[in-house]
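If you read the sequence shown in my numbering, its first letter stands for residue 749, the second for the next number, and so on.
The structure appears below as structure tokens.
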Amino acid sequence: MSAISVTNLTKAYGTNRVLKGLTFDVQPGEIFALLGQNGAGKTTTLDIIEGLRPADGGSVVVLGVDMMSEPKAAQARIGVQLQSTSLIEDFTAAEQIALFARLYRATVEPAAALERVGLTDKARVRPDKLSGGEKQRLVLALALVNDPDILFLDEPTAGLDVQSRRRLWSIVREWQTGDRAVVLTTHYIEEAEQLAHRVGILHDGVLAALDTPHALIAGLQADAVILLDGDLPPALTAAVTSATTTVHENGLTRIQTPEPTRTYVELAGLAEEHNIRLGSVRIQHPSLEDVFVSLTGRSITHDD
């Protein structure tokens, strides 16, 4: 049985049809990433699945429970980290955990919950004295208080530095074992590429694509790009038979090729024959960002 099953989901705000028949599932033990530009309907989708917002049509089943008719039956088994979860300013970190534990009737001890997210030394600290990364980890600890079967993360690393992002994801990966599932949205598309088992790209109210990151990138059938510092002689690069196109501009040589290793070996051999020294080399492989742009026409961070 799927952990989550979404079928033909629709939602409109006035004349703005945000969801136009959205369908997908999430399997037990899976990290599922939902990608889309601002306004694409990611947060609306999560809110409906979590039972926080009504849909106009379609069905949502979470852990075997119909979220349209009896959401409370499943809400006790899910954890939610919203885009902007409010912390109680007058409560310490330990007091926040204790309060949420009482609300969920959970038996977790605040000390254990804080240890899991690396905040043992912040137990008596109030939110205004925590860094951005520490606040996000505290919010994550609150989302895990009830030991959920599914964890929802809506832009959990927004605004965090690279180190804080990595630390938070390390905690999530450590928690996500067995049949526990994670559903996340993120603007950091490389996070989805590295972390998610499957990715859904939300565009124009439906999923434009749904598959593993590897399969989505492979389906793009795009060439890799070799970037070399220095403007190599056009006659030299023109002799590279495995290259698709070559561009010389701004002191850089850009070679597009479906076989970057073969192309570089060929280029290095030609350069040696003509006593030409190659500058530093970088190889850019197709990425999930390329897939996103191909399907939507814009980068994930583009705002109208």
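Glycine residues also receive a C-beta, built at the ideal position from the N, C-alpha and C atoms.
All values reported here derive from a predicted model rather than from experimental measurement.
Drop a sphere of 10 angstroms on the beta-carbon of residue i, count the other beta-carbons inside from all chains shown, and report buried for 16 or more, exposed for fewer.
i            : result
residue 882  : buried
residue 995  : exposed
residue 1050 : Residue confidence is low: residue 1050 scores 47 on pLDDT, short of 50, so the model does not pin down where it sits. No coordinate-derived value is stated.
residue 761  : exposed
residue 1044 : buried
residue 814  : exposed
residue 802  : exposed
residue 1020 : exposed
residue 842  : buried
residue 961  : buried
residue 1006 : exposed
residue 763  : exposed
residue 789  : buried
residue 793  : buried
residue 1052 : Low per-residue confidence applies at residue 1052: pLDDT is 40, beneath 50, and the placement is therefore not dependable enough to give any value.
residue 1046 : exposed
residue 1069 : Only positions 749 to 1052 of the chain appear in this structure, which leaves residue 1069 out of reach.
residue 791  : buried
residue 795  : buried
residue 1009 : exposed
residue 947  : buried
residue 885  : buried
residue 985  : buried
residue 953  : buried
So residue i and residue j are in contact, right, with Cβ under 8 Å, and what is the actual spacing, rounded?
i            : j            : result
residue 903  : residue 831  : 5 Å
residue 753  : residue 809  : 4 Å
residue 845  : residue 893  : 7 Å
residue 1001 : residue 979  : 6 Å
residue 929  : residue 777  : 6 Å
residue 868  : residue 862  : 5 Å
residue 935  : residue 1048 : 6 Å
residue 991  : residue 1004 : 7 Å
residue 766  : residue 833  : Incorrect: roughly 22 Å between the Cβ atoms, too far for contact.
residue 955  : residue 770  : 7 Å
residue 825  : residue 927  : Actually they do not touch by this definition, with Cβ atoms about 12 Å apart.
residue 943  : residue 779  : 6 Å
residue 1031 : residue 783  : Rounded, the Cβ-Cβ distance is 25 Å, inconsistent with contact.
Name the DSSP bridge partner or partners of residue i?
i            : result
residue 1004 : 973, 993
residue 933  : 782, 902
residue 807  : 755
residue 760  : 765
residue 951  : 954
residue 829  : 901
residue 1029 : 976
residue 739  : The requested residue 739 is not part of the displayed model; the chain covers only 749 to 1052.
residue 1041 : DSSP, once it has assigned bridges, lists no residue as partnering residue 1041.
residue 959  : 947
residue 813  : 810
Quick check: what's the CA-CA separation for residue i versus residue j?
i            : j            : result
residue 983  : residue 969  : 28 Å
residue 800  : residue 821  : 13 Å
residue 919  : residue 864  : 7 Å
residue 966  : residue 759  : 32 Å
residue 874  : residue 851  : 20 Å
residue 1024 : residue 914  : 42 Å
residue 858  : residue 827  : 16 Å
residue 870  : residue 974  : 47 Å
residue 993  : residue 1015 : 13 Å
residue 812  : residue 773  : 12 Å
residue 895  : residue 805  : 31 Å
residue 1036 : residue 860  : 37 Å
residue 931  : residue 976  : 39 Å
residue 876  : residue 924  : 29 Å
residue 1040 : residue 933  : 14 Å
residue 768  : residue 755  : 11 Å
residue 963  : residue 999  : 35 Å
residue 817  : residue 921  : 32 Å
residue 829  : residue 981  : 55 Å
residue 750  : residue 775  : 5 Å
residue 912  : residue 905  : 8 Å
residue 839  : residue 900  : 24 Å
residue 872  : residue 909  : 24 Å
Shorter than 7 Å, the distance from the beta carbon of residue i to the closest heavy atom of the ligand MN, or not?
i           : result
residue 990 : Among the components of this structure there are no ligands whatsoever, and the ligand MN is therefore not found.
With a cut-off of 8 Å, does the C-beta of residue i fall near any C-beta of chain B?
i            : result
residue 1019 : Here there is only one protein chain, and chain B is not present.
Next item on the list: Write down every uninterrupted run of the beta strand (DSSP E) in the stretch 815–895 whose length is 3 residues or greater and which is fully enclosed by it, in chain order.
Entry: 826–829
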